[in-house]
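So the structure is just underneath, and the comments pick up after that.
4 protein chains.
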Amino acid sequence: MSITLHLASMVIQQAREKAEEIKIPVNIVVLDTAGYLKSFIRMDDAFLGSIDIAIQKAKTSMLFRANSETVGEFLKPEAAAYGLENTNGGLVAFPGGRPIMNGNAIIGYIGVSGGAVPQDSMIAYAGSFIK
Amino acid sequence: MSITLHLASMVIQQAREKAEEIKIPVNIVVLDTAGYLKSFIRMDDAFLGSIDIAIQKAKTSMLFRANSETVGEFLKPEAAAYGLENTNGGLVAFPGGRPIMNGNAIIGYIGVSGGAVPQDSMIAYAGSFIK
Amino acid sequence: MSITLHLASMVIQQAREKAEEIKIPVNIVVLDTAGYLKSFIRMDDAFLGSIDIAIQKAKTSMLFRANSETVGEFLKPEAAAYGLENTNGGLVAFPGGRPIMNGNAIIGYIGVSGGAVPQDSMIAYAGSFIK
Amino acid sequence: MSITLHLASMVIQQAREKAEEIKIPVNIVVLDTAGYLKSFIRMDDAFLGSIDIAIQKAKTSMLFRANSETVGEFLKPEAAAYGLENTNGGLVAFPGGRPIMNGNAIIGYIGVSGGAVPQDSMIAYAGSFIK
């Protein structure tokens, strides 16, 4: 549960700059490695419905230590993992949730929602490495 | 639901400086006037159990446009408002939740938890006025 | 609701040895015949998201006294059992949940999650017979 | 989130021996430092209603890094912390939840329920130190 507020603030800032660059207002959340809220911002005009999506993408990423879309592979109909998406209070498994890497170590998870899927994904990526 | 991220960030910063001054790690949340999450930080070493308390204090404040402890007056046993505390998903009505004032206008709500009650209250107060 | 802690511990141990043999860290749960938790272990490095999956697989197995994947047959789209997966707080109906047999009698249910589906299934099988 | 299954099993064993010594069947749970289930046993004849109590005592202890009864001090009517007990999904704040200490470090949390309060407390204490 190691991410510091200092690093979490950097992560949020990196993601926010990307969102501003591509002019998409989003919700950005940082969870610690156990899934507890560490830092959050909702940019002006971001959808209210995306608050929960951002948090659940990050949580889904945390639960399986993988990008949210990687978890999504197991939710495809042909995977036949019936009911999997209803576990853990509901998985949200499309792009926008990622581990935050500090070198080779996962120190937390970022979740982004508010734009189109590739936009959310790009913004989450921008926040997912400690520079 | 008007608070901007710019102002919410100022509110968080003002409260955080007070928390650092009195050396109490807390959770600080800003909700908009409809109770939706706008900004949040968990300072390092703040209790995990205080994340939810901070959010619920701010939400309780929002629901009745009053400080959380003012709502608490109605929860005293002698008020006989049986079941009131179970409404709205659970009221949390002790000090640490407050309206954020911009002049005479309420623009959002702050919630703080992690220290003793007077400390949480002092930190929330520090964040509750736009300077 | 008859499984004893002595037998539940044997079941967990049998499954754990299989998991260690194939080097997959998993969550292993034993429920009694009414679905109440009897014994549980999370092996080191097992996914946090698999705690709930293991428990729900075992519970799904218990609810219909069948392997979890047998219940899954009723959740295939062509079964047209609309909403079935949302009953009972959410069914989890892919391999890894099984009755525990003592001779011909069901004495409890095992659930396993953390590996690929065939691995979970193999580990659950290893725990599902009292020797 | 550091407790190993090896240490968690020792904790369960220490607590179980105390429970057997005083002839009280209980539920015993070990959570990691983030509150996730690590290990659990229900002794034969322990109350079904005590499964959740044991887990919630340990979780309450985790949320505030304190014995469950210490959290209970803040729930006394004279503390006037209205609604506190409804936070975090419901606090359970009477004896039987404790940090597990490995030297000076908290490595997890134990929760015990099934006996009278002093019995639960004694059993939890027996499991709360790595020898």
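Read top to bottom, the protein sequences are chains G, S, R and A. Residue numbering for the first sequence follows the working numbering, beginning at 2 and increasing consecutively. Residue numbering for the second sequence follows the working numbering, beginning at 2 and increasing consecutively. Residue numbering for the third sequence follows the working numbering, beginning at 2 and increasing consecutively. Residue numbering for the fourth sequence follows the working numbering, beginning at 2 and increasing consecutively. Note that CB positions come from ideal geometry on N, CA and C, so glycine has one too. In this text the structure is predicted, and so the values were computed from the model without any measurement.
*Alpha carbon to alpha carbon, how far is R:VAL113 from R:ASP53? Give it in angstroms, no decimals.*
Start at 1 with the first residue of the third sequence, and residue 53 of chain R comes out as number 52. Start at 1 with the first residue of the third sequence, and residue 113 of chain R comes out as number 112. If you take the alpha carbons of R:ASP53 and R:VAL113, they lie about 10 Å apart.
*Assuming A:ALA127 contacts A:ALA16 under a Cβ cut-off of 8 Å, what Cβ separation, rounded to an integer in Å, is found between them?*
Within the fourth sequence, the letter at position 126 stands for residue 127 of chain A. Within the fourth sequence, the letter at position 15 stands for residue 16 of chain A. Correct: roughly 5 Å between the Cβ atoms.
*Could you check if G:TYR110 is buried or exposed, using at least 16 other CB atoms within 10 Å of its CB as the buried criterion?*
As a working mapping, residue 110 of chain G is identified with position 109 in the first sequence. So G:TYR110 ends up on the buried side.
*How do the region 91-110 of chain G and the region 22-35 of chain G stand: do at least 3 beta-carbon pairs fall below 8 Å, yes or no?*
yes
*Excluding the five sequence neighbours on either side, which residues of its own chain have a C-beta within less than 8 Å of the C-beta of G:LEU85, listed in chain order?*
Position 84 of the first sequence, counting from 1, holds the residue named residue 85 of chain G. Within the same chain, G:LEU85 has close Cβ partners PHE75, LEU76 and LEU92.
_Please report the distance separating the alpha-carbon of A:SER4 from that of S:ASN105._
Here residue 4 of chain A refers to the residue found at position 3 of the fourth sequence. Here residue 105 of chain S refers to the residue found at position 104 of the second sequence. The amino acid occupying residue 4 of chain A in the given sequence is Ile; Ser does not appear at that position. Spanning the two alpha carbons is a distance of roughly 52 Å.
*Taking R:ASP140 as the reference, give the member of R:LEU8, R:LEU6, R:ALA82 and R:ASN28 with the closest Cα.*
Absent from the structure is residue 140 of chain R, since the part of chain R shown begins at 2 and ends at 132.
*Closest Cβ-Cβ distance between A:SER114 and chain R: below 8 Å?*
For the purposes of this step, residue 114 of chain A is taken as the residue at position 113 of the fourth sequence. Chain R, which has no Cβ nearer than 8 Å to the Cβ of A:SER114, makes this no.
*Would you verify that the beta carbon of G:ASP45 is, or is not, closer than 8 Å to some beta carbon of chain S?*
The count along the first sequence starts at 1 and reaches residue 45 of chain G at position 44. Yes - at least one Cβ of chain S is within 8 Å of the one on G:ASP45.
*For G:ALA35, which residues in chain A fall below 9 Å Cβ to Cβ?*
For this step, residue 35 of chain G is matched to residue 34 along the first sequence. Per Cβ cutoff of 9 Å: MET2, ASP33, THR34, ALA35, GLY36 and TYR37.
*Taking only the alpha-carbon atoms, compute the straight-line gap between A:GLN14 and A:ARG99 and give it to the nearest angstrom.*
The sequence position of residue 14 of chain A within the fourth sequence is 13, counting from 1. The sequence position of residue 99 of chain A within the fourth sequence is 98, counting from 1. Cα-Cα distance, rounded: 16 Å.
*Name, please, each residue of chain A whose Cβ falls closer than 9 Å to the Cβ of S:VAL93.*
As a first step, residue 93 of chain S is located in the second sequence; it is residue number 92 there, counting from the start. Result: ALA82, TYR83, GLY84, LEU85, ASN87 and THR88.
_Sequence-distant residues of its chain with Cβ nearer than 6 Å to G:ASP73 (five each side left out)_ = Taking the first residue of the first sequence as 1, we reach residue 73 of chain G at position 72. The identity of residue 73 of chain G in the sequence shown is Gly, whereas the question assumes Asp. Excluding residues within five positions, the ones whose Cβ falls inside 6 Å are ALA94 and PHE95.
*From this set, A:ALA81, A:VAL12, A:ILE25 and A:PRO78, which residue's C-alpha is nearest A:SER51's C-alpha?*
Locating residue 51 of chain A in the fourth sequence gives position 50, where the first residue counts as 1. Considering only alpha carbons, the answer is A:ILE25.
*asked:* Which residue marks the beginning of the alpha helix (DSSP H) containing A:ARG17, and which one marks its end?
replied: Position 16 of the fourth sequence holds residue 17 of chain A. Where A:ARG17 is concerned, the enclosing alpha helix (DSSP H) stretches over 6-22.
*Tell me whether S:ILE108 counts as near the ligand NAP, meaning its Cβ is closer than 7 Å to at least one heavy atom of that ligand.*
You won't find the ligand NAP in this model; it holds no ligand whatsoever.
*For chain R, is any of its Cβ atoms less than 8 Å away from the one on G:LEU64?*
Here residue 64 of chain G refers to the residue found at position 63 of the first sequence. Yes, its Cβ sits closer than 8 Å to a Cβ of chain R.
*asked:* If you reduce the DSSP assignment to three classes, tell me which class S:ASN103 lands in.
replied: To locate residue 103 of chain S, count along the second sequence from 1; it is residue 102. DSSP places S:ASN103 in strand when its eight states are reduced to three.
_Looking at S:ILE131: is its Cβ nearer than 8 Å to the Cβ of S:MET11?_
Taking the second sequence and counting its residues from 1, one reaches residue 131 of chain S at position 130. Taking the second sequence and counting its residues from 1, one reaches residue 11 of chain S at position 10. Their beta carbons are under 8 Å apart, which means S:ILE131 touches S:MET11 by this criterion.
*How long is the line joining the alpha carbons of G:THR88 and S:GLU79, rounded to whole angstroms?*
In the first sequence, the residue the question calls residue 88 of chain G occupies position 87. In the second sequence, the residue the question calls residue 79 of chain S occupies position 78. So the alpha carbons of these two residues sit roughly 43 Å apart.
*Would a C-beta distance cut-off of 8 Å place R:TYR37 and A:LEU49 closer than the cut-off?*
Here the question's residue 37 of chain R lines up with position 36 in the third sequence. Here the question's residue 49 of chain A lines up with position 48 in the fourth sequence. In this structure, A:LEU49 lies closer than 8 Å to R:TYR37 by Cβ.
*Roughly how far, in whole angstroms, is the beta-carbon of S:ILE6 from the beta-carbon of G:ILE42, given that I think they are within contact range, below 8 Å?*
Start at 1 with the first residue of the second sequence, and residue 6 of chain S comes out as number 5. Start at 1 with the first residue of the first sequence, and residue 42 of chain G comes out as number 41. Checking the sequence shown, residue 6 of chain S turns out to be Leu, not Ile. Indeed, because the Cβ distance is near 6 Å, the residues count as touching under 8 Å.
*Of all the options A:MET63, A:GLY116, A:PRO119 and A:ALA117, which has the alpha carbon lying nearest to the alpha carbon of A:MET102?*
Numbered from its first residue, the fourth sequence carries residue 102 of chain A at position 101. The shortest C-alpha separation from A:MET102 is found at A:MET63.
_beta strand (DSSP E) segment containing A:VAL31, residue limits_ = If you number the fourth sequence from 1, residue 31 of chain A lands on position 30. Where A:VAL31 is concerned, the enclosing beta strand (DSSP E) stretches over 28-32.
*So, does the CB of G:PHE48 fall closer than 8 Å to a CB anywhere in chain S?*
As a position in the first sequence, residue 48 of chain G is number 47, starting the count at 1. Closer than 8 Å: no.
_When R:GLY90, R:ALA20, R:SER129 and R:VAL118 are compared against R:GLU70, the one with the closest alpha-carbon_ = The residue labelled residue 70 of chain R in the question sits at position 69 within the third sequence. Ranking the options by Cα distance to R:GLU70, first place goes to R:VAL118.
*Since S:LEU64 is in the alpha helix (DSSP H), which residue starts that stretch and which ends it?*
Taking the second sequence and counting its residues from 1, one reaches residue 64 of chain S at position 63. Per DSSP, S:LEU64 belongs to the alpha helix (DSSP H) from 50-65.
*asked:* Do A:GLY97 and A:ALA47 have their beta-carbon atoms positioned less than 8 Å apart in this structure?
replied: Taking the fourth sequence and counting its residues from 1, one reaches residue 47 of chain A at position 46. Taking the fourth sequence and counting its residues from 1, one reaches residue 97 of chain A at position 96. Taking 8 Å as the Cβ cut-off, A:ALA47 and A:GLY97 do not qualify as a contacting pair.
*Give the interface partners of R:ASP53 over in chain G, defined as CB-CB distance under 7 Å, in chain order.*
Sequence index remark: in the third sequence, residue 53 of chain R carries index 52 (1-based). Near R:ASP53 (Cβ distances below 7 Å), the residues of chain G are THR88 and ASN89.
*Determine the DSSP secondary structure at R:VAL118, reduced to helix, strand or coil.*
Here residue 118 of chain R refers to the residue found at position 117 when the third sequence is read from its first residue. If DSSP states are grouped into helix, strand and coil, R:VAL118 belongs with the helices.
_Below-8 Å beta-carbon distance, R:ILE131 vs any chain A residue_ = As a first step, residue 131 of chain R must be located in the third sequence, where it is residue number 130. R:ILE131 does not count as touching chain A.
_S:SER40, enclosing beta strand (DSSP E) - first and last residue_ = On the second sequence, position 39 is the one that residue 40 of chain S refers to. Start and end: 38-43.
*In or out: S:ALA81 buried (at least 16 other Cβ within 10 Å) or exposed?*
In the second sequence, counting from the first residue as 1, residue 81 of chain S sits at position 80. With fewer than 16 Cβ atoms within 10 Å of its Cβ, S:ALA81 is classed as exposed.
*So which of A:GLY90, A:SER40 and A:GLN57 has the shortest CA-CA distance to S:GLN57?*
Residue mapping note: residue 57 of chain S aligns to position 56 of the second sequence, counting from 1. Answer by Cα proximity: A:GLY90.
*Can you tell me the Cα-Cα spacing of S:ALA67 and G:GLU22, whole angstroms?*
Position 66 of the second sequence, counted from the start, is the residue given in the question as residue 67 of chain S. Position 21 of the first sequence, counted from the start, is the residue given in the question as residue 22 of chain G. Rounded to the nearest angstrom, the two C-alpha atoms are 38 Å apart.
*Can you find a C-beta in chain R that's less than 8 Å from the C-beta of A:LEU76?*
Numbered from its first residue, the fourth sequence carries residue 76 of chain A at position 75. No, A:LEU76 lies away from the interface with chain R (no Cβ there is under 8 Å from its Cβ).
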